[in-house]
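Going by my numbering, the sequence shown wraps up at 110, each residue one higher than the last.
Note that the Cβ used here is the ideal one computed from N, Cα and C, for glycine as well.
In this text the structure is predicted, and so the values were computed from the model without any measurement.
Everything on this sheet refers to the single structure shown next.
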Amino acid sequence: MPDIQPPRADLRDAIQREAGDLQTLFGTTSDGALALALTVARMARAMSGGSTIAEMKAAASDADAILGPLLDAVDGGTVVTTYSAKGLDEAAVFTEVGTRATAVAGVLANGQ
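Below, the structure written as structure tokens:
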């Protein structure tokens, strides 16, 4: 018997009920993207001023203190990523990001 998925609209309605409306999800995504960018920027700044392995490890340690608990939760299965729930991996996510970015850039370039 084939695996029958609910229609996309039904999935989106369930996501809204369980995880929040589009604006809430977008806000969380925006917060996460900025927090990640700032964490990486702080690590880059700390590493750019370092000259020893100990200084590099200290810079990475600060980022790990922030990002490590999430990584541990994903690796431990207590946090499930949306892309893994769709059967995708990180490489597939970045391929999709590139495809969508190129499509948007094409629209912008054509002034549509």
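Exercise. Please classify ALA71: is it buried, with 16 or more other beta-carbons within 10 angstroms of its beta-carbon, or exposed?
Key: Around the Cβ of ALA71, a 10 Å sphere holds fewer than 16 other Cβ atoms; the residue is exposed.
Self-check item: Backbone CA spacing between SER49 and SER59 [nearest angstrom]
Solution: 16 Å
Quiz item: Excluding the five sequence neighbours on either side, which residues of its own chain have a C-beta within less than 8 Å of the C-beta of LEU68, listed in chain order?
Solution: VAL77
Quiz prompt | Alpha carbon of THR93 to alpha carbon of GLY104, nearest angstrom | solution = 17 Å
Exercise. Between the Cα of GLN3 and those of ALA101, ALA83, THR100 and GLY66, spot the shortest distance and give me the residue it belongs to.
Key: The residue with the shortest Cα to Cα distance from GLN3 is ALA83.
Quiz item: Helix, strand or coil: which one does DSSP assign to ILE2?
Solution: coil
Quiz item: Between VAL95 and ALA89, what straight-line distance do the alpha-carbon atoms span, to the nearest angstrom?
Solution: 10 Å
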